[in-house]
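Residue numbers (this note's numbering): 8 to 194.
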Amino acid sequence: MTPSQVIELNSCAVALMKQGHYHDAIVATSSALKHCRELEMAQTVCATTNCCIDQCMMQSDASEPYSGSTGDFIYQNGILIPSDAYETVNIAAILIFNSALSHQLLARQHPGAVPQSILLKAQRLYELAYYLQDSEDNVLFKFAVINNTAVIHKAVGNQAMSKECLDFLFSLMMLFVDRGCSVQLKH
Numbered sequence: 008m009t010p011s012q013v014i015e016l017n018s019c020a021v022a023l024m025k026q027g028h029y030h031d032a033i034v035a036t037s038s039a040l041k042h043c044r045e046l047e048m049a050q051t052v053c054a055t056t057n058c059c060i061d062q063c064m065m066q067s068d069a070s071e072p073y074s075g076s077t078g079d080f081i082y083q084n085g086i087l088i089p090s091d092a093y094e095t096v097n098i099a100a101i102l103i104f105n106s107a108l109s110h111q112l113l114a115r116q117h118p119g120a121v122p123q124s125i126l127l128k129a130q131r132l133y134e135l136a137y138y139l140q141d142s143e144d145n146v147l148f149k150f151a152v153i154n155n156t157a158v159i160h161k162a163v164g165n166q167a168m169s170k171e172c173l174d175f176l177f178s179l180m181m182l183f184v185d186r187g188c189s190v191q192l193k194h
C-alpha cells in the first residue's frame with residue numbers, strides 16, 4: 008500500500024464518520040494505521056515551524072458542533088490529510104485521533120447506556136494521539152483532544168478528571184491570550 012492509499016483510507020474514514028457509520032470508520036482508521044506502520048510513516052513528523060496538524064484541521068470540512076443532552080461540546084470533525092502532506096505531518100497522530108473520535112461518536116449513539124469500554128478506548132486513543140504530537144505546536148489539535156477527553160471523563164462518571172481536563176484547557180487558552188499569541192495557520 009502506498010502513502011497516498013493510506014491518506015485515501017483516512018479520507019474514507021472521515022466520510023464514514025460524517026454519515027454516522029462510526030464502526031466502519033473505526034475499521035478504516037485501523038486499517039490505515041496498520042498500513043502506516045508497515046510503510047514506516049508513523050514517525051513522519053512536521054518539519055516546519057507551522058502547525059501541520061492544525062493546518063489539516065483548518066482545511067477539513069467543519070460540521071456543526073455537537074452538544075449532547077448534557078450540553079457538553081464534542082469536537083466531532085474528523086481530520087483530513089491533504090494528499091501532498093504525507094511527508095510533513097504526523098499521520099499516525101491524525102489516524103489515532105480519527106479512530107478515537109469514531110469510538111466516542113459510536114458510544115454517543117447509545118444514549119442512556121453509553122458503553123464505557125468504548126469510551127475508555129477512545130480516551131486511551133486520544134491520550135496516545137496527544138503523546139505522539141506533544142512536542143509539536145498543534146494548539147487546535149491539543150484543544151480538541153483535551154476537550155473530548157474531558158467529555159469522556161464526565162460521561163463515565165469521573166467528574167474530578169473532567170474538571171481537571173477543562174481547567175487545563177482553560178489554562179492553555181488563557182496562556183495564549185495572556186501572551187498575545189494567536190494560532191497563525193496557512194490556508
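Quick reminder that beta carbons are idealized off the backbone N, C-alpha and C, glycines included.
Annotated as proximal: Asn97 and Leu139, with beta-carbon spacing under 8 Å. Per the coordinates, the alpha-carbon of Asp174 lies some 42 Å from the alpha-carbon of Met8. Given a length threshold of 4 residues, each whole run of the alpha helix (DSSP H) inside the segment 134 to 183 is given here in chain order: 146 to 162. Inter-segment contact for the segment 58 to 65 and the segment 120 to 130 is absent: fewer than three beta-carbon pairs are separated by less than 8 Å.
By the criterion of a C-beta distance shorter than 6 Å, His110 is surrounded in its chain by Ile125, Lys128, Ala129, once the five residues flanking it on both sides are discounted. By a beta-carbon distance limit of 8 Å, Ser11 contacts Ser90. Their separation comes to about 6 Å. His117 and Asn154 have their C-alpha atoms spaced approximately 20 Å apart. The shortest CA-to-CA distance from Leu87 to any of Thr36, Leu179, His160, Ile159 is the one to Thr36. For Ser18, the CB contacts under 7 Å within the same chain, skipping 5 residues up- and downstream, are Leu87 in chain order. Following the DSSP letters along the chain, one finds Ile98 inside the alpha helix (DSSP H) bounded by residues 98 to 115.
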